[in-house]
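See below for the structure under consideration.
There are 2 protein chains.
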Amino acid sequence: MTIKEVSRRYQIPEDTLRYYERAGMIPPVGRTPGGIRNYSQEDLNWVELCLCMRSAGLPVVSIARYVQLCRMEEDTTQERYALLLEQRRTLLEQQRQIGETLDRLDKKIARYEENMKKETK
Amino acid sequence: MTIKEVSRRYQIPEDTLRYYERAGMIPPVGRTPGGIRNYSQEDLNWVELCLCMRSAGLPVVSIARYVQLCRMEEDTTQERYALLLEQRRTLLEQQRQIGETLDRLDKKIARYEENMKKETK
DNA sequence: ATAATAGTTTGAGTTCACTTCAAGTCAAGA
DNA sequence: TCTTGACTTGAAGTGAACTCAAACTATTAT
Numbered sequence: 001m002t003i004k005e006v007s008r009r010y011q012i013p014e015d016t017l018r019y020y021e022r023a024g025m026i027p028p029v030g031r032t033p034g035g036i037r038n039y040s041q042e043d044l045n046w047v048e049l050c051l052c053m054r055s056a057g058l059p060v061v062s063i064a065r066y067v068q069l070c071r072m073e074e075d076t077t078q079e080r081y082a083l084l085l086e087q088r089r090t091l092l093e094q095q096r097q098i099g100e101t102l103d104r105l106d107k108k109i110a111r112y113e114e115n116m117k118k119e120t121k
Numbered sequence: 122m123t124i125k126e127v128s129r130r131y132q133i134p135e136d137t138l139r140y141y142e143r144a145g146m147i148p149p150v151g152r153t154p155g156g157i158r159n160y161s162q163e164d165l166n167w168v169e170l171c172l173c174m175r176s177a178g179l180p181v182v183s184i185a186r187y188v189q190l191c192r193m194e195e196d197t198t199q200e201r202y203a204l205l206l207e208q209r210r211t212l213l214e215q216q217r218q219i220g221e222t223l224d225r226l227d228k229k230i231a232r233y234e235e236n237m238k239k240e241t242k
């Protein structure tokens, strides 16, 4: 699968796909004899994981560190496990923070709706 | 209340407070005759709102637009209401996205724990 | 064979949200 | 009066995550 097709499938610019690879968030993608990227199913899985993590706001370096650990010869199970737990903690905290802001927003919105009801009375 | 006290209270640099005001995320703060910022309770409320929104990741301009609408002479109730709804939609979507990523992360974590249990057997 | 189209790399540029710096003002204390 | 220190504004610098440009190579249609 060419970079263009991947770009269209996931609605992400080609430049960003190349950038992700350069940044180490995706292991080096397979190439044709001519040196053109040819994404395998496994490459696509990496891309998808990467997009999922990024859309949740996890930093590029933290995703890259995981990928790097996966590509090492030695057994990095412990490190990877610890990294995943840390990423989960980060996301839970972010989710909590957003929840707090939503509460606040909802209260404001409710007040507006109250006032708008009164106006039309 | 001086900028220093506000800074300490909310654990945010003085420079950032001034920046928020300059960016229009906080309406102009009251001043002493000497021209020094003197935060009233209402100013503090704005600061707090602003910190809450930012920590949830809402962009500076979108917060500034709301504040700007609040400061206008005309009745901007409709616009403000619409803006709040839009911000809520944004945050809900972000929360959903984080939830999705957490699911994925949890599955990965579970697999690691499975394997680690087997290892020690 | 050759032109057009699409893909490659490397390095530089852009945007956002701060963050720090530079240069200046002012008020109180030694 | 001089100095210290907190304050001001405007501008420049930083780090993260793209995004674009230039020069080059590969593939495809004619």
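Those protein sequences? They're chains A and B, same order as listed. Going by the working numbering, 80 is the number at position 80 of the first sequence; the sequence numbering is gapless. So the mapping is simple: the working numbering equals the position in the second sequence, first residue as 1, plus 121. Where is the CB? At the ideal position from N, CA and C, for every residue including glycine.
Asked, Found
"Cβ neighbour criterion (16 or more within 10 Å) applied to arginine 201 (chain B)", "buried"
"Residues of the segment 62–83 of chain A with Cβ closer than 8 Å to any Cβ of chain B, in chain order", "Thr77, Arg80, Tyr81"
"C-beta contact flag for threonine 211 (chain B) and cysteine 52 (chain A) at 8 Å", "no"
"Close-in-space but distant-in-sequence residues of the same chain around tyrosine 141 (chain B) (CB under 7 Å, 5 per side omitted)", "Ile147, Cys171"
"Distance cut-off 7 Å: aspartate 136 (chain B) Cβ against heavy atoms of the ligand SAH", "The ligand SAH is not part of this structure, which contains no ligands at all."
"DSSP beta-bridge partners of arginine 81 (chain B)", "Only positions 122 to 242 of chain B appear in the structure, and residue 81 (chain B) is not among them; the question remains open."
"Whether arginine 65 (chain B) touches leucine 204 (chain B) by CB criterion (8 Å)", "Since the first and last residues shown for chain B are 122 and 242, residue 65 (chain B) lies out of range."
"Complete beta strand (DSSP E) runs within the segment 152–197 of chain B (minimum length 3 residues, chain order)", "none"
"From A:Ile109, A:Ile12, A:Val67, residue whose alpha carbon lies closest to that of glutamine 199 (chain B)", "A:Ile109"
"Straight-line gap, isoleucine 12 (chain A) to arginine 22 (chain A) (C-alpha atoms, nearest Å)", "16 Å"
"Collapsed DSSP secondary structure at isoleucine 26 (chain A) in the structure displayed", "coil"
"Residues in the segment 172–183 of chain B having any Cβ partner in chain A nearer than 8 Å", "Cys173, Met174, Ser176, Ala177, Gly178, Leu179"
"Partner residues on chain A for arginine 225 (chain B), Cβ-Cβ distance less than 7 Å", "Cys52"
"Contact list for threonine 101 (chain A) against chain B, beta-carbon separation under 8 Å", "Cys173, Met174, Ser176, Ala177, Leu179, Leu212"
"Residue closest to arginine 18 (chain A), alpha-carbon to alpha-carbon, out of A:Val29, A:Met1, A:Ser62, A:Arg9", "A:Val29"
"Inter-residue Cα distance where the pair is proline 180 (chain B) and arginine 217 (chain B)", "18 Å"
"Positions along the segment 109–120 of chain A whose CB lies within less than 9 Å of some CB in chain B", "Ile109, Tyr112, Glu113, Asn115, Met116, Glu119"
"Cβ pair valine 188 (chain B), glycine 220 (chain B) closer than 8 Å", "no"
"Chain-ordered neighbours of glutamine 215 (chain B) on chain A, where CB pairs are closer than 7 Å", "Ile98"
"Coil, strand or helix - methionine 1 (chain A) by DSSP", "coil"
"Interface flag, arginine 37 (chain A) vs chain B, CB-CB below 8 Å", "no"
"Closest Cα partner of threonine 115 (chain A) within the set B:Asn236, B:Thr197, B:Met237, B:Tyr233", "Threonine is not the amino acid found at residue 115 (chain A); the sequence shown has asparagine there. Cα-wise, what sits closest to asparagine 115 (chain A) is B:Thr197."
"Buried versus exposed, by CB contacts within 10 Å (16 or more), aspartate 15 (chain A)", "exposed"
"Spatial distance of aspartate 227 (chain B) from glutamate 234 (chain B) (CA atoms)", "10 Å"
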